[in-house]
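Structure first, then comments.
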Amino acid sequence: WFQKDDSKGTTKITVSQLADAMKEIVDNATQEQKLTLLKLHPDLGVKVAQLKSLTKESQEEQGKAGLQTLEGDELAKFTKLNRDYKTKMGFPFILAVRNAGKDTILAALSGRVHRPQQAEFQTAMQQVHKIAWMRLLSKLDYSTDSEGFLTVHVLDTANGIPAANMVIHLKQLSPTLQHLGVFVTNEDGRLDVGPALEGAGRRNRLASKSKDMEVGVYEWTFFAGDYFASQGTHANGTPFLDTIPIRFGIDNPDDHYHVPLLVSPWSFSTYRGS
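In this text, residue positions in the sequence shown follow this note's numbering: the first is 4, and each later residue adds one.
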């Protein structure tokens, strides 16, 4: 029914726009259509012999999640929870497992099996959209037209000022491991170079020289101890906070990812900013 209803034409769009169009079609479907969609999803943790009946994507995702390694009491617990969930909800337990391990899956199943059916119906639909999004990213080449970018801002909460001249390292942890650069914050606690990473579409449009931003896991490392020493801010002989790593994920190549750090010699906080 998705193909039948999709009449958007062949205009070139970004991966985000395609995902939004697909989501709109599903969201506008009837309750019966949505329930049919949920029931079509395979059970998680099927036996090896049954994996051949799944799509290639489902085989890869369930294999990477490590569900085939369940055994003993752990396997019995998973099997019972899976069965109880399906009996209660009327559809199989659905979770986007591409980047999840078996512990995460078991925790999600253990918690969600106790939720009301209607609330779980909505959660299952959210997971369907998440699965579709992750599969789109794995199949489409978004590298030439993505518009996303990565920025950072550091605020010194001990002195109530922007953290100027703090050294920051950036590295990518997945899908490849690579060191991406060393930066120093300016008087506003930001980077003079602008975004540390940019999608190719934005970079080409603005003729900037930042490195590529792609979906994956990244890590900023903030050299807070050196910064507070330069400010003459009191700290312990063995600093409570010295180098601060912030690991984060970039899921959408068209989005702005902003990582603020609010830091003192004794505390720090971060969030996804704008």
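Cβ coordinates follow ideal geometry from the N, Cα and C atoms, glycine included.
Measure the Cβ-Cβ separation of residue i and residue j and say whether it is below 8 Å.
i: Ala99; j: Gln125; result: no
i: Ser277; j: His261; result: yes
i: Gly192; j: Ala167; result: yes
i: His44; j: Ile97; result: yes
i: Leu183; j: Leu173; result: yes
i: Thr246; j: Phe225; result: yes
i: Ala22; j: Ala135; result: yes
i: Thr160; j: Leu265; result: yes
i: Thr17; j: Asp144; result: no
i: Ala122; j: Leu41; result: no
i: Pro256; j: Val220; result: no
i: Pro248; j: Leu158; result: no
i: Phe186; j: Ile171; result: yes
Here's a check: name, in chain order, each residue in its chain whose Cβ is nearer than 6 Å to the Cβ of residue i, leaving out the five neighbours to either side.
i: Asn189; result: Asp195
i: Asp258; result: Gly151
i: His132; result: Lys26
i: Ser146; result: Ala203
i: Leu112; result: Leu84, Phe96
So, is residue i buried or exposed, given that buried needs 16 or more other C-beta atoms within 10 angstroms?
i: Pro268; result: buried
i: Pro119; result: exposed
i: Ser270; result: exposed
i: Leu209; result: exposed
i: Arg250; result: exposed
i: Glu74; result: exposed
i: Arg86; result: exposed
i: Thr205; result: As written in the sequence, residue 205 is Arg, which differs from the Thr given in the question. The residue is buried, with at least 16 neighbouring Cβ atoms inside 10 Å.
i: Gln6; result: Residue confidence for Gln6 is low, a pLDDT of 49 falling below 50, so the modelled location carries little weight; the figure read from the coordinates is stated next. So Gln6 counts as exposed.
i: Tyr274; result: exposed
i: Phe231; result: buried
i: Phe243; result: exposed
i: Val116; result: buried
i: Ser213; result: buried
Would you say residue i reaches chain B, if we count a Cβ-Cβ gap shorter than 8 Å as a contact?
i: Val170; result: This model lacks chain B altogether; it includes just one protein chain.
Whose C-beta lies closer than 7 Å to the C-beta of residue i among residues of the same chain, with five residues either side of it excluded?
i: Met137; result: Ala99, Arg101
Discussion item. With three or more beta-carbon pairs closer than 8 Å as the criterion, would you say the region 78-88 touches the region 21-34?
Written reply: Contact between the region 78-88 and the region 21-34 is absent: fewer than 3 CB-CB pairs across the two stretches fall below 8 Å.
Discussion item. Does the contact criterion of 3 or more C-beta pairs under 8 Å hold for the region 138-156 versus the region 198-213?
Written reply: With a cut-off of 8 Å, the region 198-213 and the region 138-156 count as touching, because enough Cβ pairs lie within range.
Item to complete: Could I get the ranges of all uninterrupted alpha helix (DSSP H) runs contained in the region 99-169, with 4 residues as the minimum, in chain order?
Response: As far as the region 99-169 is concerned, its whole alpha helix (DSSP H) runs of at least 4 residues are 105-115, 120-142.
Worksheet item: Enumerated in chain order, which unbroken segments of the alpha helix (DSSP H) with a length of 4 residues or greater are wholly contained in the region 200-229?
Response: Listed in chain order, the complete alpha helix (DSSP H) runs (minimum 4 residues) inside the region 200-229 are 203-209.
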